[in-house]
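Here's the structure, in structure tokens; my notes come after.
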Amino acid sequence: MLAIDRTLLAKLEEAKSYFEEVYGAIDSAKYHEKDASVRGDVGLEITTFQSIIAECKEEVASNTIEEIVQILEVVYHLSLQKGTVEPIRQKLTQIDEKFLHLRRDEVTIDEERLRRYREDIVLLDSIVEAIGVRRKALEAKKEWLFFRDTALLEQYEMYAKSFAQHVERVTILFSFHSALLGNYIVESFHYLYLFFSYAISYFIATGNALVLVEIAASIDRYVEVMRPLRKSGALKREYLRNSYVMQELGLLREQILRFAA
């Protein structure tokens, strides 16, 4: 056995142990059924969402800066102390903690959990790619008269199947948990969108760039949560609604960028 194979097999076994410990007990079929149950009529959701956004934009546009101040102070309980960042920072923290965290079936679904899934998928993709390269090199030698790496090739095939199962498990977990958190955010989007819109309008009017940076950072967190696991996922039907959410959040962020430019 070549040194490259000894090193790679040792790393594969270490990675296999990690993924089996974390994901080995996951029943993909069970979560797949759950995942399907949390996704409703996407077309209806998008139509409803667009209607909500249109109403929100009309409401924001109809208010004067004095009325916006009243709304932020009375509805959102935001203390608008001129030049002070801390009140808006505390309010953003409260809102993010409320809408970027969800507890279901004794599991906390949040940014950190989705981030771990993303990182594990990146790692799994690199592992599967490395196995594929080595298998291809060995298979190219199978026709040799004195080919003696049949057992080694079988080991790589075993690892390939094992990691393919983990890719499926992590993908379905991400899909299920991101759908739950995404639904929660969309259900609360009227509140979130109006808050961000009013806050951006007020702090642009008062020229407070520092606060606007804080708001942009908060918006980025929601965009990241709604982002699909893979680029190809953005084309899937179930992520169409999320793309609309990300688009509207992006437009809010653009207001800040135009002010800062």
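In short: position in the sequence shown from 1, add 221, done, that's the working numbering.
Each residue gets a CB set at the ideal place from its N, CA and C atoms; glycine is no exception.
First through last residue of the alpha helix (DSSP H) which encompasses residue i
i           : result
residue 352 : 332-360
residue 393 : 371-408
residue 224 : 224-244
residue 441 : 430-447
residue 287 : 286-295
residue 451 : Run containing residue 451: none; DSSP gives neither H nor E here.
residue 460 : Careful: residue 460 lies outside any alpha helix (DSSP H) and carries neither H nor E.
Anticipated Cβ contact below 8 Å, residue i with residue j, distance rounded
i           : j           : result
residue 267 : residue 462 : 5 Å
residue 440 : residue 320 : With 8 Å as the limit, residue 440 and residue 320 do not qualify as a contact, their Cβ atoms being about 12 Å apart.
residue 376 : residue 230 : 7 Å
residue 393 : residue 252 : 5 Å
residue 286 : residue 426 : 5 Å
residue 480 : residue 433 : 6 Å
residue 402 : residue 330 : 5 Å
residue 470 : residue 443 : 6 Å
residue 410 : residue 446 : 12 Å between Cβ atoms; not a contact.
residue 380 : residue 223 : About 16 Å separates the two Cβ atoms, so there is no contact after all.
residue 270 : residue 387 : Not a contact, Cβ separation roughly 34 Å.
Identified DSSP bridge partners for residue i
i           : result
residue 323 : 330
Cβ neighbour criterion (16 or more within 10 Å) applied to residue i
i           : result
residue 399 : buried
residue 312 : buried
residue 391 : buried
residue 333 : exposed
residue 428 : exposed
residue 295 : exposed
residue 236 : buried
residue 343 : exposed
residue 354 : exposed
residue 418 : buried
residue 408 : exposed
residue 298 : exposed
residue 225 : exposed
residue 396 : buried
residue 335 : buried
residue 369 : exposed
residue 413 : buried
residue 227 : exposed
residue 248 : exposed
Any C-beta of chain C under 8 Å from that of residue i
i           : result
residue 438 : Looking at the structure shown, chain C is missing, and only one protein chain is on hand.
Legend entry - Contact between the region 353-360 and the region 419-437 (3+ Cβ pairs under 8 Å): no
Legend entry - the region 338-351 contacting the region 320-329, beta-carbon criterion three pairs below 8 Å: no
Legend entry - Cβ contact (3+ pairs, closer than 8 Å) linking the region 291-305 and the region 370-384: Two segments are said to touch when three or more pairs of C-beta atoms, one from each, lie closer than 8 Å; by this definition the region 291-305 does not touch the region 370-384.
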